[in-house]
Amino acid sequence: MLYIDDMCVVRGQGTQAHHVYLPQLRLRQGQVFAVTGESGCGKSTLLEAIGLLLRPASIGRFELHDEKKRDVATLINTNQQAELANIRAHHVGFVLQNGGLLPFLSVQDNIRLPCQLLGKVPDKAMLSRIIDALKLGPLLNKHPAQLSFGERQRTAFARAILHRPGLVLADEPTAALDPHNSQQLFSLFIDLVAQEGMMALVVCHDWPLVQRFNLPCLVARTDSVVSAQSGAQDRRGTHFVL
Ligand SMILES: Nc1ncnc2c1ncn2[C@@H]1O[C@H](COP(=O)(O)OP(=O)(O)OP(=O)(O)O)[C@@H](O)[C@H]1O
Numbered sequence: 001m002l003y004i005d006d007m008c009v010v011r012g013q014g015t016q017a018h019h020v021y022l023p024q025l026r027l028r029q030g031q032v033f034a035v036t037g038e039s040g041c042g043k044s045t046l047l048e049a050i051g052l053l054l055r056p057a058s059i060g061r062f063e064l065h066d067e068k069k070r071d072v073a074t075l076i077n078t079n080q081q082a083e084l085a086n087i088r089a090h091h092v093g094f095v096l097q098n099g100g101l102l103p104f105l106s107v108q109d110n111i112r113l114p115c116q117l118l119g120k121v122p123d124k125a126m127l128s129r130i131i132d133a134l135k136l137g138p139l140l141n142k143h144p145a146q147l148s149f150g151e152r153q154r155t156a157f158a159r160a161i162l163h164r165p166g167l168v169l170a171d172e173p174t175a176a177l178d179p180h181n182s183q184q185l186f187s188l189f190i191d192l193v194a195q196e197g198m199m200a201l202v203v204c205h206d207w208p209l210v211q212r213f214n215l216p217c218l219v220a221r222t223d224s225v226v227s228a229q230s231g232a233q234d235r236r237g238t239h240f241v242l
């Protein structure tokens, strides 16, 4: 389970600061939540804070329960960076919009990289389940430049999960894909998260896609102020609510 209460993340400074609030999140093993909202509202910021890449300005509760209970809020509040980095490396998997694959490594070596960096031997059974589910068998010896966008994203997903993180964070993984491939990747993603008992948050602009899979959704509610000088709407804060 992932429990988050009263998280606030601040991007920028002074009058330009943008506040991102997450009042409450409960995520169960096997569950995928979508995160939606207009450009610039703070979706990536939210994911970075949950992925422990960005320190929240304040946090009430942040607990990650897998094989044991981890009180992440206390680690954040007491600034224990080494332990936070350890949790991030072992328990969080990231899937980026452009895949973020290393161009000089084959698909096979890209997938194994996080395990290698963590000094873990990949679980053979899981590796073969992932390769099967994501249909990567014929691609294993290719390099990223030889892959389609969809193939790159399937590889990126495999790489994000082989080290068995409890939590997978995907930032617009289907943005570069056509509707057919987006739907196929989403479907594989949701099935694998359920099959492997992971939890996932996926940022997605494609509302029909989110609806098609009937995903629970964190929706951005943005507060704006009107600039006294220009009269333009200026975003100052976003609440992500269910
Ligand atoms: N490093 C930074 N320093 C200061 N402000 C930033 C920084 N990164 C992002 N911002 C601002 O924080 C706000 C939220 O940005 P964020 O990238 O989280 O939005 P987003 O919803 O993911 O946008 P998009 O859908 O366009 O990717 C924006 O107003 C952005 O300009």
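The UniProt record's numbering applies: residue 1 is where the sequence shown begins, and numbers increase by one. Using N, Cα and C, we set each Cβ at its ideal position, and we do this for glycine too. Since we're looking at a predicted model, the values are computed, not measured.
Length of the line joining the Cα atoms of R236 and G60: 21 Å
Closest by C-alpha distance to A145, when choosing among N77, Q29, L242, S106: S106
Short Cβ contact (8 Å threshold) for P122 with R129: no
Candidates D223, L188, F62: closest to M1 by CA position: Residue F62 is the option with its Cα nearest to M1.
Selected residue, minimal CA-CA separation from G93, among D5, P173, P216, F213: P173
Heavy atom of ligand 1 within 7 Å of H143 beta-carbon: no
Proximal residues to L127 (C-beta, below 7 Å), its chain only, five neighbours per side dropped: Contacts found: L162.
Distance between V10 and residue 268 (C-alpha atoms, nearest Å): Examination of residue 268 is not possible in this model, given that the chain is present from 1 through 242 alone.
Whole runs of the beta strand (DSSP E) within the stretch 105-171, excluding any shorter than 3 residues: DSSP runs (the beta strand (DSSP E)) wholly in the stretch 105-171: 167-171.
H19 CB to nearest heavy atom of ligand 1 below 7 Å: no
Nearest candidate by alpha-carbon position, reference T222, set D5, Y21, M7, Q16: Y21
Exposed unless 16 or more other CB atoms sit within 10 angstroms - verdict on L215: That one is buried.
S187 (DSSP reduced to helix, strand or coil): helix
Buried versus exposed call for S182 [16 or more other C-beta atoms within 10 Å across all chains shown]: buried
Per-residue burial, T36 [other beta carbons within 10 Å of its own, 16 or more giving buried]: buried
Local conformation of residue 248 per DSSP, three classes: Missing from the structure shown is residue 248; the chain here goes from 1 to 242 and no further.
Whether L101 touches A156 by CB criterion (8 Å): With contacts defined by Cβ atoms closer than 8 Å, L101 and A156 form a contacting pair.
R11 beta carbon near ligand 1 (any heavy atom closer than 7 Å): yes
Test item: CB-CB of G42 and A200 under 8 Å: no
Any non-hydrogen atom of ligand 1 within 7 Å of T174 CB: no
Delimiting residues of the alpha helix (DSSP H) encompassing H90: 81-91
Exposure of D171, with buried meaning 16 or more beta-carbon neighbours within 10 Å: buried
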